[in-house]
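Chemist: Numbering (the working numbering), first residue to last: 9 to 78. Even glycine gets a Cβ: it sits at the ideal position worked out from N, Cα and C. Treat the numbers as computed from the prediction; the structure is a model and nothing was measured. Handing you this structure, nothing more for now.
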């Protein structure tokens, strides 16, 4: 941590890196807790289809998908 800045974790999908911002994590948690499809998740995150959404979900640490506030 330099100067109070902590780099956000990233997940590599094919030739791109997806930064796990608060917004991305919020959408991933919504996917986990609801009937959102991988196609819908891909659309929300501007990914190239459900396959990329699946790779993202598969590679995100599971502890990030938990909602500790209830």
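Which residues mark the beginning and the end of the beta strand (DSSP E) in which residue 65 is found?
Modeler: That residue, residue 65, is in no beta strand (DSSP E); its alpha helix (DSSP H) goes 58-67.
Chemist: Please state the DSSP three-state secondary structure of residue 15.
Modeler: coil
Chemist: I want to know whether the stretch 13-28 touches the stretch 54-65 - three or more CB-CB distances under 8 Å.
Modeler: Between the stretch 13-28 and the stretch 54-65 there are three or more inter-stretch CB-CB distances shorter than 8 Å, so the stretches are counted as touching.
Chemist: Quick one: give me the first and last residue of the alpha helix (DSSP H) that residue 30 is part of.
Modeler: 30-41
Chemist: Can you tell me the Cβ-Cβ gap for residue 65 and residue 28, rounded? I've got them flagged as a contact below 8 Å.
Modeler: The Cβ separation is near 12 Å, so there is no contact.
Chemist: Measuring CB to CB, does residue 50 end up less than 9 Å from residue 56?
Modeler: yes
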